[in-house]
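Participant:
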Amino acid sequence: MMVIGAALTFAYTSVFLTSYVESEHRLKKASEVVSAIVALGIIVYGYVLAGSFILGVITLLIVAMFFVAFTLSYFLPKIRNKSMVSFYM
Numbered sequence: 082m083m084v085i086g087a088a089l090t091f092a093y094t095s096v097f098l099t100s101y102v103e104s105e106h107r108l109k110k111a112s113e114v115v116s117a118i119v120a121l122g123i124i125v126y127g128y129v130l131a132g133s134f135i136l137g138v139i140t141l142l143i144v145a146m147f148f149v150a151f152t153l154s155y156f157l158p159k160i161r162n163k164s165m166v167s168f169y170m
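Residue numbers (the numbering used here): 82 to 170.
1. Using C-beta distances below 7 Å, list every residue in its chain close to Leu-121, excluding the 5 sequence neighbours before and after it, in chain order.
2. For the alpha helix (DSSP H) containing Gly-122, list its first residue and its last residue.
3. Go through its chain and collect everything with a Cβ distance to Ile-85's Cβ below 7 Å, but skip five positions before and after it.
4. May I have the straight-line CA-CA distance separating Tyr-101 from Lys-163, to the nearest angstrom?
5. Determine whether the beta carbon atoms of Ser-112 and Phe-91 lie at a separation below 8 Å.
6. Is the separation between the beta-carbon of Ile-135 and that of Ala-87 shorter than 8 Å?
7. Buried or exposed: which applies to Ile-118, given that a residue is buried once 16 or more other Cβ atoms fall within 10 Å of its Cβ?
8. With a CB to CB cut of under 8 Å and the five nearest residues on each side skipped, what residues in its chain are close to Tyr-126?
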């Protein structure tokens, strides 16, 4: 329970900074990324320590979500640029 609670705390910190803090300062962006990485690290650490099946499944789901997010953030701008070029021609 401590692993899930600590991970949720850091994940919520990252979401709060992204959603409610209106600054574009580098420290804010760095703290968002660090708190998200720490949240994932806590879950992985809890899985390694406890060997819990549920923490393993949660870890796999989070890694899959990161993979999908990074893949989409890479391909979507390229797809949009191609559709805009064909739109203007």
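We treat Cβ as the ideally placed atom computed from N, Cα and C, and that holds for glycine.
Facilitator: In short:
1. Within the same chain, Leu-121 has close Cβ partners Ile-143.
2. Start and end: 107 to 131.
3. Excluding the 5 residues flanking it on each side, Ile-85 has no same chain C-beta neighbour closer than 7 Å.
4. C-alpha separation (whole angstroms): 34 Å.
5. No, the Cβ-Cβ distance between Ser-112 and Phe-91 is not below 8 Å.
6. Taking the C-beta atoms as reference points, Ala-87 is found no nearer than 8 Å to Ile-135.
7. With fewer than 16 Cβ atoms within 10 Å of its Cβ, Ile-118 is classed as exposed.
8. Val-84.
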